[in-house]
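For the sequence shown, our numbering begins at 4 and goes up steadily by one.
Just so you know, even glycine gets a beta-carbon here, dropped at the ideal spot from N, CA and C.
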Amino acid sequence: MVNNFEFLSWDSNFFGIQVGKLTADKPLGDQEDLLKELFSKKIDLIYYYSQEPLSEDFSSKFYEYLLVDLKIPVKKTLTRKKVNPKISVYSEEKANEELVQLAQLAGSHTRFKVDPRISEEKFNELFKVWIEKSVSGEMASKVLVYKEEEKIIGFATISIDGNIGYAPLLAVNRKFEGLGVSFAIMDAVESEMYDHGCEFLVSSTQEVNRKALKIYERWGCEFGKGIYVYHFWKKDFKKVLYEDKL
Numbered sequence: 004m005v006n007n008f009e010f011l012s013w014d015s016n017f018f019g020i021q022v023g024k025l026t027a028d029k030p031l032g033d034q035e036d037l038l039k040e041l042f043s044k045k046i047d048l049i050y051y052y053s054q055e056p057l058s059e060d061f062s063s064k065f066y067e068y069l070l071v072d073l074k075i076p077v078k079k080t081l082t083r084k085k086v087n088p089k090i091s092v093y094s095e096e097k098a099n100e101e102l103v104q105l106a107q108l109a110g111s112h113t114r115f116k117v118d119p120r121i122s123e124e125k126f127n128e129l130f131k132v133w134i135e136k137s138v139s140g141e142m143a144s145k146v147l148v149y150k151e152e153e154k155i156i157g158f159a160t161i162s163i164d165g166n167i168g169y170a171p172l173l174a175v176n177r178k179f180e181g182l183g184v185s186f187a188i189m190d191a192v193e194s195e196m197y198d199h200g201c202e203f204l205v206s207s208t209q210e211v212n213r214k215a216l217k218i219y220e221r222w223g224c225e226f227g228k229g230i231y232v233y234h235f236w237k238k239d240f241k242k243v244l245y246e247d248k249l
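Dropping the structure here:
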């Protein structure tokens, strides 16, 4: 298999199809043989990442494709911040319904929501699994929650790797938007990471998510060059990913 292709076991098991990730090292228009090889290997879905968009005249005999994201990298140098007393570490063994719904809200601009071949049911299940594995410690170091009258109205997940902290998921109940909850959570995330020896926070958001971009900008973040993400579906792949049809 080609060097810039990675087979994704977890995604394949979750969706019930063969899924892989392809990172551009040269224009894809020059790599039809590569797509032919992946087609012959029965790869149904390819996540394709590139610093540049595909040319308007690009086409493939083997895959249909869709631009599903323009991912904007986010970076911030960390300092200690004052933490709102309404924010705490989530301590229950399992994610409750409020947290699950907020996790699904966090995914509302992601490629898994944008791609029409991925059903609403499968999208919801994906982010339910994500927050459950975050609470269990498998996919996050900690989960921070903002509570109002014992109800969780906002959350963020934190992962720490050396001197870098990651915040993969963050969302606020739409009824409480514009009240400073997002900034309070982000300050708590920053303080938590700083206290664990992190120098930088690294995250990303979608170019279409203008609200998140404005919040990150006001929070003092720097933005990197956007990364184009495409979903390539094997031609003649007819099934839409409904859970009961996998």
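By the Cβ-count criterion, GLY183 is exposed, with fewer than 16 other Cβ atoms from all chains shown falling within 10 Å of its own Cβ. Rounded to the nearest angstrom, the Cβ distance from GLY19 to ILE46 is 14 Å, too far for a contact under 8 Å.
Boundaries cannot be given for VAL211, as no alpha helix (DSSP H) includes it and DSSP labels it neither H nor E.
Two segments are said to touch when three or more pairs of C-beta atoms, one from each, lie closer than 8 Å; by this definition the segment 90-109 does not touch the segment 43-63. A residue is called buried when at least 16 other Cβ atoms come within 10 angstroms of its Cβ; GLN54 does not meet this threshold and is exposed. Secondary structure note for LYS45: it is in no beta strand (DSSP E), with a DSSP letter that is neither H nor E. A contact between stretches requires three or more CB pairs, one per stretch, nearer than 8 Å, and the segment 71-82 meets this requirement with the segment 212-225. Judged by beta-carbon spacing, ASP14 lies beyond the 9 Å limit of LEU41, meaning their Cβ atoms are not closer than that value.
In the structure shown, LYS125 falls within a helical segment according to DSSP collapsed to helix, strand and coil. Contact check for VAL86 against ALA191 passes: the beta carbons are separated by less than 9 Å. Going by C-alpha positions, PHE158 is about 41 Å away from PHE65. Cβ-Cβ separation between LYS116 and PHE126: approximately 6 Å, consistent with a contact (criterion under 8 Å). Look at TYR93 here: in three-state DSSP terms it is coil, with no helix or strand label.
Fully contained in the segment 46-83 are the following beta strand (DSSP E) runs of length 3 or more, in chain order: 48-53, 66-80. A distance below 6 Å between beta-carbons, with the five flanking residues on each side excluded, links ASN176 to the following residues of its chain, in chain order: ILE156.
In this structure, the alpha-carbon of GLN107 lies about 10 Å from that of GLU101.
With a minimum length of 4 residues, there is no unbroken run of alpha helix (DSSP H) contained wholly in the segment 126-196. Check the Cα spacing between PRO56 and each of TYR50, LEU70, GLY223, SER43: the tightest is with LEU70. TRP13 carries a helical assignment under DSSP once its states are collapsed to helix, strand and coil. THR208 counts as buried, since at least 16 other C-beta atoms from the protein chains shown sit within 10 angstroms of its C-beta. Secondary structure in the segment 202-236: the alpha helix (DSSP H) runs of 4 residues or longer, each lying completely within the stretch, are 213-221 in chain order. Spanning the alpha carbons of PHE179 and GLU195 requires a straight line of approximately 23 Å.
When secondary structure is reduced to three states using DSSP, LYS39 falls in the helix class. GLY227 and SER144 have their C-alpha atoms spaced approximately 25 Å apart. The beta-carbon distance between ILE230 and CYS201, rounded to whole angstroms, is 23 Å. This is too long to meet the 8 Å contact definition.
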